[in-house]
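Enquirer: Those sequence lines, one after another, are chains A and B.
All letters in the first sequence, in the order written, are residues 1 to 354 by full-length UniProt numbering.
All letters in the second sequence, in the order written, are residues 1 to 354 by full-length UniProt numbering.
Beta carbons are placed, not taken as given, at the ideal position from N, Cα and C, and that holds for glycine.
First the structure, then my questions, so here it is.
Number of protein chains: 2
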Amino acid sequence: MNKIEKLRSYLSENNIQGLLLNSSKNKFYSADLYSSSGYIFITCKNQYVIVDFRYFEEMKEKDIKFEVLLMDKQKTYFDIINEICKRENIINIGFEGNEVSFDDYNNIDEKINCNLTSIDLSKLRCEKSEEELKYIKKACEIADKAFYHIIKFIKIGMSEKKVENEIVRYIKEQGGQKESFDIIVASGVRGSLPHGKASNKLIKANEFVTFDFGVKFNNYCSDITRTICMGIGNEELNEIYNIVKCANEEAIKLLKPGMTTGEVDKIARDIIEKEGYGDYFGHNLGHGVGIMVHEYPILAPGGKDLLLEGMVVTIEPGIYIPGLGGVRIEDDVLITKEGCKRLTNSTKDLINIL
Amino acid sequence: MNKIEKLRSYLSENNIQGLLLNSSKNKFYSADLYSSSGYIFITCKNQYVIVDFRYFEEMKEKDIKFEVLLMDKQKTYFDIINEICKRENIINIGFEGNEVSFDDYNNIDEKINCNLTSIDLSKLRCEKSEEELKYIKKACEIADKAFYHIIKFIKIGMSEKKVENEIVRYIKEQGGQKESFDIIVASGVRGSLPHGKASNKLIKANEFVTFDFGVKFNNYCSDITRTICMGIGNEELNEIYNIVKCANEEAIKLLKPGMTTGEVDKIARDIIEKEGYGDYFGHNLGHGVGIMVHEYPILAPGGKDLLLEGMVVTIEPGIYIPGLGGVRIEDDVLITKEGCKRLTNSTKDLINIL
């Protein structure tokens, strides 16, 4: 199914004759419109982009299969939508209930002469097209390059912030649009914070340092984590490193389409639990990656969703010991016909910077 | 009024006995909690922060006048809120209707045993405290430094992207948290796009270049625009520059507390209209700046809101001629007892880089 067919499949499934999109992510996915303003409207017969003068010319020139309509003072968004509904006999409209605020919903409900139903579109973007994969792969490639760059850049005595700033600078120099989220650089005992954003803490000899960052390329994200050691480390963290690496590798080795999200989570979690660290892996194994850095599906304990060919997900086990530090190793993988393929290819051997 | 008194004033005004905050901006403003998860709950007698284990210890250590409660599997957010409501006889709760999604509203409405009312909190943060001003001033100071840095850095033949990347790098080097929005670098004819994000276009001799960027410092924003010329320019753009500069300076000179937002917009707009460029100034004169780079009030034609001492607003007139280019000059100003005070202090004399 192409994107428009996918969108249209929501009509019959939900007994609606129109689907109204307002989120930037779904407007970009559907019609290459990345903006918080404007609407996409999909009906049984047609598909429309409705924008103001700032986007009108640009959208008309794009090679998209949408009719582009201009909103202005004479005709509001809702006037235009009401006209379409009248012409195409539309009674029920679906909207993005988890994207539209309560106040906006009331405003739309008042102005549109149709019944509104909240539609869950979280699965819309989960199976990636060849074109989408091209951008995700590029975002992963730049992330890998940034990792190899940073292990040459980092020195004992540098602040975590300085390392973060260099990652951001390098990503942009390599043609990445920007970082896909606020970068995590967590050294020493801060490594036990799964979301330890880079701080002014200085990196000390023998500390483990976890980098978790991603790249945006044409609005598609990558997401990678590696932990390195600024010396020879210590026995417990070295052991933990090997357990986490094994959990990451086993999950990637065994992941196949048709498995549930919970089954894959369990592969990694069982390894960590068997080694006695189950209580120290307090988050999910992974999540989908695409236009959003976190999207459907979630690979969590007990998860029942099926993993499908074409999905891109992260595999990111970790162990976090308060007062000692932590290790996380994260790859992005594409689910293929027979298994999965890594899109981030940075080494997972422990790097000791001596 | 301190922040808690301000928050509590919404209770009596709206006939509610509790106010539930979920937006990062208002949670940060109220209780120094910058996170999309967790709730703040203000009642007639008390004020609560409700967070999960990730934030609990950190929030308890903060010097804030809130009771910190832990949400976990045994007690959800809604269990905790229901307990408080029962104990304090709360029947009506206000919530942020323009921040809570329609789906989340329905979930909250189902789980909380009270009536919910959407409350408009847009004015909550408009008058800045001394402490807030300290952060905004620092964000403005770094923005000024970045402007002076970039006019030494920029060269004919550089791409707009390269200039953007240097601004981001420099902001972080100077201790800024990050850029406060995607940076605009619009050169030559691209200058006629009021929101022309930096592209791969190379900057050519004699072109005008508009930079619009801001800095975040402790989650407070600045927002500045300057237009420079990469040579001697041309007669029309030089003339336009002087008109825009005059519009910016007159609005700043005459702005006083007690004026309406529309009156200040009109000062600048009249100057541009009198010179025959009224149709080429297609946006508002300015907006409030604080935790959000765009916040209440909006300085727009016909605006009736009163400008008050302690507000920080932008003054940003512009003229945009399709096919030729554009000029915009933007300062952040603090409204004082008698007038206003510039917080961005970069020169507004036209800089010609020869």
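Which residue marks the beginning of the beta strand (DSSP E) containing A:Lys216, and which one marks its end?
Expert: Along the first sequence, one-based indexing puts residue 216 of chain A at 216. Taken as a continuous stretch (DSSP letters only), the beta strand (DSSP E) holding A:Lys216 covers 215-217.
Enquirer: Is the Cβ-Cβ distance between A:Leu19 and A:Leu11 less than 8 Å?
Expert: Here the question's residue 19 of chain A lines up with position 19 in the first sequence. Here the question's residue 11 of chain A lines up with position 11 in the first sequence. Yes, they are a contact pair.
Enquirer: I need the boundaries of the alpha helix (DSSP H) containing B:Val168, first residue and last residue.
Expert: As a working mapping, residue 168 of chain B is identified with position 168 in the second sequence. First-last of the alpha helix (DSSP H) with B:Val168: 160-173.
Enquirer: Residues in the same chain with beta-carbon distance under 8 Å from A:Gly278, minus the five sequence neighbours each way, listed in chain order, please.
Expert: Sequence index remark: in the first sequence, residue 278 of chain A carries index 278 (1-based). Hits under 8 Å: Arg269, Ile272.
Enquirer: Given that a residue counts as buried once 16 or more other Cβ atoms are within 10 Å of its Cβ, and exposed if not, what is A:Met1?
Expert: Residue mapping note: residue 1 of chain A aligns to position 1 of the first sequence, counting from 1. Exposed, by the Cβ-count rule.
Enquirer: For the 8 Å Cβ check, are there 3 or more pairs between the region 94-109 of chain A and the region 20-32 of chain A?
Expert: yes
Enquirer: For a cutoff of 8 Å on Cβ pairs, would you count A:Glu173 as touching chain B?
Expert: Locating residue 173 of chain A in the first sequence gives position 173, where the first residue counts as 1. Yes, because at least one Cβ of chain B sits closer than 8 Å to the Cβ of A:Glu173.
Enquirer: Provide the residue span of the alpha helix (DSSP H) that contains A:Val244, from first to last.
Expert: Position 244 of the first sequence, counting from 1, holds the residue named residue 244 of chain A. Start and end: 235-254.
Enquirer: Looking at chain B, is there any beta carbon in it that lies within less than 8 Å of the beta carbon of A:Arg328?
Expert: Reading the first sequence from its first residue, position 328 is the one you call residue 328 of chain A. Not one chain B Cβ lies under 8 Å of A:Arg328.
Enquirer: A:Gly231 and A:Leu354 - do their beta-carbons sit closer together than 8 Å?
Expert: Position 354 of the first sequence holds residue 354 of chain A. Position 231 of the first sequence holds residue 231 of chain A. Cβ atoms of A:Leu354 and A:Gly231: closer than 8 Å.
Enquirer: Do A:Ile81 and A:Ile112 have their beta-carbon atoms positioned less than 8 Å apart in this structure?
Expert: Within the first sequence, the letter at position 112 stands for residue 112 of chain A. Within the first sequence, the letter at position 81 stands for residue 81 of chain A. Result yes, Cβ atoms of A:Ile112 and A:Ile81 sit closer than 8 Å.
Enquirer: Quick one: list the residues of chain B neighbouring A:Ser24, beta-carbon separation under 7 Å, in chain order.
Expert: Locating residue 24 of chain A in the first sequence gives position 24, where the first residue counts as 1. In chain order: nothing, as chain B lies at least about 12 Å away.
Enquirer: Assuming B:Ile183 contacts B:Ile167 under a Cβ cut-off of 8 Å, what Cβ separation, rounded to an integer in Å, is found between them?
Expert: Position 183 of the second sequence, counted from the start, is the residue given in the question as residue 183 of chain B. Position 167 of the second sequence, counted from the start, is the residue given in the question as residue 167 of chain B. Confirmed, about 6 Å.
Enquirer: If you count every other CB in all the chains shown that lies within 10 Å of the CB of B:Gly157, and 16 or more means buried, which is it?
Expert: Locating residue 157 of chain B in the second sequence gives position 157, where the first residue counts as 1. With fewer than 16 other Cβ atoms within 10 Å, it is exposed.
Enquirer: Does the contact criterion of 3 or more C-beta pairs under 8 Å hold for the region 213-232 of chain B versus the region 256-264 of chain B?
Expert: no
Enquirer: Would you mind giving the Cβ-Cβ distance between B:Gly286 and B:Leu299, rounded to the nearest angstrom? I have them listed as a contact below 8 Å.
Expert: The sequence position of residue 286 of chain B within the second sequence is 286, counting from 1. The sequence position of residue 299 of chain B within the second sequence is 299, counting from 1. Between B:Leu299 and B:Gly286 the Cβ distance is about 4 Å, and since that is below 8 Å, they are a contact.
Enquirer: Which first and last residues belong to the beta strand (DSSP E) in which A:Val100 is found?
Expert: As a working mapping, residue 100 of chain A is identified with position 100 in the first sequence. Segment: none, A:Val100 is in no beta strand (DSSP E) and carries neither H nor E.
Enquirer: Tell me whether B:Leu343 sits in a helix, a strand or coil according to DSSP, three-state version.
Expert: Mapped onto the second sequence, residue 343 of chain B falls at position 343. Of the three classes helix, strand and coil, the one that applies to B:Leu343 here is coil, per DSSP.
Enquirer: Helix, strand or coil, according to DSSP, for B:His294 in the structure here?
Expert: For the purposes of this step, residue 294 of chain B is taken as residue 294 along the second sequence, with counting starting at 1. Looking at B:His294 - three-state DSSP - the assignment turns out to be coil, as it is neither helix nor strand.
Enquirer: Does DSSP put B:Ala186 in a helix, in a strand, or in coil?
Expert: By one-based count along the second sequence, residue 186 of chain B stands at place 186. Note: B:Ala186 maps to strand in three-state DSSP.
Enquirer: Have a look at B:Lys73 and A:Leu255 and give me their C-alpha separation to the nearest angstrom.
Expert: In the second sequence, the residue the question calls residue 73 of chain B occupies position 73. In the first sequence, the residue the question calls residue 255 of chain A occupies position 255. If you take the alpha carbons of B:Lys73 and A:Leu255, they lie about 29 Å apart.
Enquirer: Tell me the residue span of the beta strand (DSSP E) that contains A:Asn181.
Expert: Working through the first sequence from its first residue, we reach residue 181 of chain A at position 181. According to the sequence displayed, residue 181 of chain A carries Phe and not Asn. Unbroken run through A:Phe181: none, as it is neither H nor E.
Enquirer: Measure the alpha-carbon distance for A:Asp331 versus A:Lys155 and round it to whole angstroms.
Expert: By one-based count along the first sequence, residue 331 of chain A stands at place 331. By one-based count along the first sequence, residue 155 of chain A stands at place 155. Going by the C-alpha atoms only, they are around 25 Å apart.
Enquirer: Taking buried to mean at least 16 other C-beta atoms within 10 Å of its own C-beta, is B:Asp223 buried or exposed?
Expert: Position 223 of the second sequence, counting from 1, holds the residue named residue 223 of chain B. B:Asp223 comes out buried.
Enquirer: If I follow the unbroken beta strand (DSSP E) through B:Leu70, where does it start and stop?
Expert: By one-based count along the second sequence, residue 70 of chain B stands at place 70. Start and end: 67-70.
Enquirer: Where B:Arg190 and B:Gly339 are concerned, what is the direct C-alpha to C-alpha distance, given to the nearest angstrom?
Expert: The residue you call residue 190 of chain B lines up with position 190 of the second sequence. The residue you call residue 339 of chain B lines up with position 339 of the second sequence. Whole-angstrom Cα-Cα distance: 35 Å.
Enquirer: Residues of chain B with CB closer than 8 Å to the CB of A:Val100, please, in chain order.
Expert: Here residue 100 of chain A is taken as the residue at index 100 of the first sequence, counted from 1. Chain B residues near A:Val100: Ser101, Phe102.
Enquirer: Distance check for A:Phe56 and A:Leu69, CA to CA, integer angstroms please.
Expert: Stepping through the first sequence from its first residue, residue 69 of chain A is reached at position 69. Stepping through the first sequence from its first residue, residue 56 of chain A is reached at position 56. Cα to Cα, the separation comes out at about 7 Å.
Enquirer: With distance defined between alpha-carbon atoms, name the residue in B:Gly326, B:Asn248, B:His195 nearest to B:Thr344.
Expert: Numbered from 1 along the second sequence, position 344 holds the residue referred to as residue 344 of chain B. When each option's Cα is compared against that of B:Thr344, the closest is B:Asn248.
Enquirer: From the DSSP secondary-structure annotation, give me the bridge partner or partners of B:Gly326.
Expert: The sequence position of residue 326 of chain B within the second sequence is 326, counting from 1. Answer by DSSP bridge pairing, in chain order: B:Tyr320.
Enquirer: Out of A:Tyr148, A:Val313, A:Asp52, state which residue places its alpha-carbon closest to the alpha-carbon of A:Met292.
Expert: Against the first sequence, residue 292 of chain A aligns to sequence position 292. It is A:Val313.
Enquirer: For B:Phe41, which beta-bridge partners are listed by DSSP?
Expert: Translated into positions along the second sequence, residue 41 of chain B becomes position 41. Per DSSP, B:Leu20, B:Tyr48.
Enquirer: If we cut at 8 Å on Cβ distances, does B:Tyr105 have a partner in chain D?
Expert: In summary, chain D is missing from the structure at hand, where the protein chains are A and B.
Enquirer: Using 8 Å as the threshold, is the C-beta distance between B:Gly302 and B:Glu295 below it?
Expert: Numbered from its first residue, the second sequence carries residue 302 of chain B at position 302. Numbered from its first residue, the second sequence carries residue 295 of chain B at position 295. By the CB criterion at 8 Å, B:Gly302 and B:Glu295 fall outside the cutoff.
Enquirer: Would you kindly work out how many angstroms separate the C-alpha atoms of A:Ala251 and A:Gly318, rounded to a whole number?
Expert: Your numbering for residue 251 of chain A matches position 251 in the first sequence. Your numbering for residue 318 of chain A matches position 318 in the first sequence. About 13 Å.
Enquirer: Is the beta carbon of B:Ala205 sitting closer than 8 Å to the one on B:Gly196?
Expert: For this step, residue 205 of chain B is matched to residue 205 along the second sequence. For this step, residue 196 of chain B is matched to residue 196 along the second sequence. For B:Ala205 and B:Gly196, no; Cβs fall outside 8 Å.
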